[in-house]
Structure formats: C-alpha cells, structure tokens
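Numbering-wise, the numbering used here comes out as the position in the sequence shown, counting from 1, plus 35.
By construction, the Cβ of each residue, glycine as well, lies at the ideal position given by its N, Cα and C atoms.
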Amino acid sequence: MPRLAGSSKLLRAMNESAALAHLLELGRLTRADLRRLTALSTPTISEVLRRLTDAGLVTVVGHHSGKPGPNAEIYSADPDAAYAAAVSVRDVGSTGAPAVVAALCDLSGEVRARAESRVDFLETEPKAALVDVVADLRRRAGVPAERLRHVQLGVAGSYDGATRTIRHVDVPGFGRPGLVPEIATALGTGVGVDNDVNLAAVAERRRGVGRDADGFALLWLGEEGLGLAIDIGGTLLRGARGGAGEIGYMPLYAPDSTHRKVDLQDLVGGAAVLDLARDHGVAGRTPLEVVATAAAGPEAGEFLVRFADRIAVGLAAVIAVLDPPLVVLAGPIAQAGGPALLTTVTGAVGRAAPLESTIAVTSISDDAVLLGALDAGLTAVREALIASIRDHQA
C-alpha cells in the first residue's frame, strides 16, 4: 500500500508538471486545450488545475465564449509566481559603456525592471555590488525577495562549473574562488553564470536569425574583444572548463617564426580596429564609430575589405572545423557594420577557403547578452517550479 500511495502522488505530480509546462510554453489555454495536450481525462485535468491554482502557480485570465453553453475559463501561469533576474558585467574599457546592465522579468518573460550603472570594481567588492544591483531591481519592480528564484550572471570570461569559478575574466575581483557561492548565499537564491557570448547565442536561438537553424556558430565582435559560441541543435558547447569559444586566444604564427606570438585578438580586437582605421583614413574615436562610419560611406570600402579579411582568418578556421549550417556575426561591431560588413566578410571567407556555411548578421538590436541571460534565468526558474511539484509530491 505505501508503494501504491507513493505512485499515486508521483502520478499527480507528473500530471501537474505536464500541465504547468504547457501553460509556461504556450501561454493562455482552456481546460479543453490542456486535456488535448496532456491526454488526461476531464475530471483529472480539472483537479490538476485546481491544485495548481491553489498553489498560486496558475490563474484564470479570461473566458472563451466561442461555443454554446457556459463560457470556458482560460488559464495561464501566474506571472507573479516567480521572477528571474539577469546581470551582465563587462569591462568599461575605453568605450564608456556601463559596467553593469541588469533586468528582472516575471514568469511570463515580461521585463518588470531594467537598470544600468557604472561600478568601479577596483573599489567595490563584486559580491556587494551585485547584491545591491539585484536589490535595486526588486525595489523598482516591487518584487519580494522570496519570489526571486534565480539570478543569471553574464561575464566576459568562462565559468568552470566544477569549481564554481570564473576564469579568463578581466573585471577585477570576478576570478576569486568562492565568489559565486558567496553571491548565491547573500541573495538567497539560485545563481547561474555563463560566458557573455554564450548568452548572446541563447538570445539568437530564441529571438534572432538562429531560431530555425539546426545549429550555428556565433562570432561576437565586441569593441574590446571577441568570442565564439557554438550552438548544436539548441545546446551550447561549453567545453570541459567552460572555455570553449575563447577564440581571441587562437594563435596566428608559425612555430619557427622569430616574430612575437600573434593572436586573433591582435588582428580583430578594438585596438587593431583603431590602428587599421588610421592606416586607411577612417575617422572615429572608438572601434564602434570607426566601423559605423566605414559602413555608411563608400570611401571607406578599403578599410572594410581589410577588416573583413582579418575576420575571415578566424571564421575560416571555425567553419573548417565545425562546418556549421549558419554563422552569425553578432556584437556591437557586427551591428554597426550591418549589411556592408556582411557582404565584405562573405566575400573574404570565400577567398580564404572553399567553405559553404551561410553567414548572416544578427537580427537582435537590443542588448543580446542581457536578453540571453534573461532567457536562461527564466528557463531555470520554470524548470525549478516544475521540479518542485514533483519533489513536493514525492
């Protein structure tokens, strides 16, 4: 009998989690919709909805009057049942960009608060700064601390999940062992960390030109650095220690050369863009201004061709190894270059090697790293809610 009772609880939990998963994915559904999707009987789905409503996870949001008889209730996951926050941390560098960009969304994905701030991490300890940023988001949105279920952190570095340590990061204090667990303890919630370019790929998969692709490689062209994300059927390749895609470190020199070691970063990074612009007489104080100016005027065509040749060095290696169906050029430099840069890069790759991957520029105009962090955080919250139903009934 105990086994049968346990099996009954498990079955109820499976039914509830299945119904909640459909409501989270599809949005507004009637009892009949859920019965069709779950293949449960009418009494069972009615009981499932009652329990989910009593638990505060589901709410009635309207009525459907398309057929004779009583109006059918329309259900939706309660957007206020749980929240996710995203925090993107980047080096200010020479661009004047904010060091921290953050946002908070409800269970439906609607952004309830967004904030940008400049933080000097030489003077401010990262844990204290991030706790303050999240607290500010909650105040802006009027969200109680217990409803915030996950915080997703995006960094210009790699995250070693085994040691819970951020690696290859230039922002002061973020490589300290123990930092991530300390942030999670201080916030009292789950904390996820991922490379910023990986998160941009998450956004590209859900919102951009990568939506329908079997897989894609995303080359991030930032004002300071560059990176690569590899999406294989919707799953990101992160590597043994989270370092997959650190393409800026790719060496470009012969072993017997007497010249100093040259990385791809030395060819395509922000400093290299400014040097190339000076060589070709293209005006601009920052790499972003330079590329935007070049893309807008035909007189700067030679700069774009030379810049595209450099990008093609990295892309040809990526395509030759991975053979992705799609390559996405993303990041502020790619956005500034737009169609003009896309045309020249496509031509440069064609000259570099007989490779056939389609190349496209990102269609995301907003902060892709922040959007991807929100998407990843929201996924974590939804999965935790579904798992909590099963754990509670076990």
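Legend entry - Limits of the beta strand (DSSP E) - the one that GLU108 falls within: What you label residue 108 is simply residue 73 of the sequence shown in a count that begins at 1. Going by DSSP, GLU108 is part of the beta strand (DSSP E) stretching over 107 to 112.
Inset, instruction - Give me the Cα-Cα distance between PRO360 and ASP310, rounded to the nearest whole angstrom. - result: Locating residue 360 in the sequence shown gives position 325, counting from the first residue. Locating residue 310 in the sequence shown gives position 275, counting from the first residue. Spanning the two alpha carbons is a distance of roughly 33 Å.
Inset, instruction - For ARG273, I'd like the list of residues in its chain whose CB is within less than 6 Å of its CB, leaving aside the five on either flank, ordered along the chain. - result: As a position in the sequence shown, residue 273 is number 238, starting the count at 1. Here the set comprises ALA279.
Inset, instruction - For GLU181, count neighbouring C-beta atoms within 10 Å of its own C-beta (all shown protein chains included) and say buried if the count is 16 or more, exposed if not. - result: Within the sequence shown, the letter at position 146 stands for residue 181. Exposed, because fewer than 16 other Cβ atoms sit within 10 Å of the Cβ of GLU181.
Legend entry - Three-state secondary structure assigned by DSSP to HIS98: Position 63 of the sequence shown, counted from the first residue, corresponds to residue 98. Annotated three-state conformation of HIS98 is strand, per DSSP.
Legend entry - Continuous alpha helix (DSSP H) assignments of at least 4 residues falling wholly in the stretch 208 to 246: The stretch 208 to 246 contains these whole alpha helix (DSSP H) runs: 214 to 222, 231 to 242.
Inset, instruction - Assuming THR224 contacts ARG184 (C-beta within less than 8 Å), just tell me the rounded distance between them. - result: Counting from one through the sequence shown, the residue named residue 224 turns up at place 189. Counting from one through the sequence shown, the residue named residue 184 turns up at place 149. Contact holds; Cβ gap of about 6 Å.
Legend entry - Buried or exposed by the 16-neighbour rule on C-beta atoms within 10 Å, applied to GLU60: Here residue 60 refers to the residue found at position 25 of the sequence shown. By the 10 Å Cβ count, GLU60 comes out exposed.
Legend entry - Assigned exposure category for PRO434 - 16 Cβ within 10 Å defines buried: Residue 434 lies beyond the range of the chain shown here (36 to 429); nothing can be said about it.
Legend entry - Range covered by the beta strand (DSSP E) that runs through GLY262: For the purposes of this step, residue 262 is identified with residue 227 of the sequence shown, where counting begins at 1. First-last of the beta strand (DSSP E) with GLY262: 261 to 267.
Inset, instruction - Output the boundary residues of the beta strand (DSSP E) element that contains ASP314. - result: By one-based count along the sequence shown, residue 314 stands at place 279. Counting along the chain, no beta strand (DSSP E) covers ASP314; the unbroken alpha helix (DSSP H) around it starts and ends at 305 to 314.
Inset, instruction - Using three-state DSSP, classify THR79 as helix, strand or coil. - result: Taking the first residue of the sequence shown as 1, we reach residue 79 at position 44. Reduced to three states, the DSSP call for THR79 is helix.
Inset, instruction - Would you tell me roughly how many angstroms separate the C-alpha atoms of GLY257 and SER423, rounded to the nearest one? - result: Residue mapping note: residue 257 aligns to position 222 of the sequence shown, counting from 1. Residue mapping note: residue 423 aligns to position 388 of the sequence shown, counting from 1. Whole-angstrom Cα-Cα distance: 39 Å.
Inset, instruction - With DSSP as the reference, please indicate the residues paired to ASP298 in a beta bridge. - result: In the sequence shown, residue 298 corresponds to position 263, counting from 1. As DSSP reads the structure, ASP298 sits in a beta bridge with PRO286.
Legend entry - Contact the stretch 253 to 267 vs the stretch 193 to 202: 3+ CB pairs below 8 Å: The stretch 253 to 267 vs the stretch 193 to 202: no contact.
Inset, instruction - With DSSP collapsed to three states, give me the class of ALA137. - result: Start at 1 with the first residue of the sequence shown, and residue 137 comes out as number 102. It is a strand residue.
Legend entry - Bridge-paired residues (DSSP) for HIS185: Taking the first residue of the sequence shown as 1, we reach residue 185 at position 150. According to DSSP, HIS185 bridges with ALA119, GLY225.
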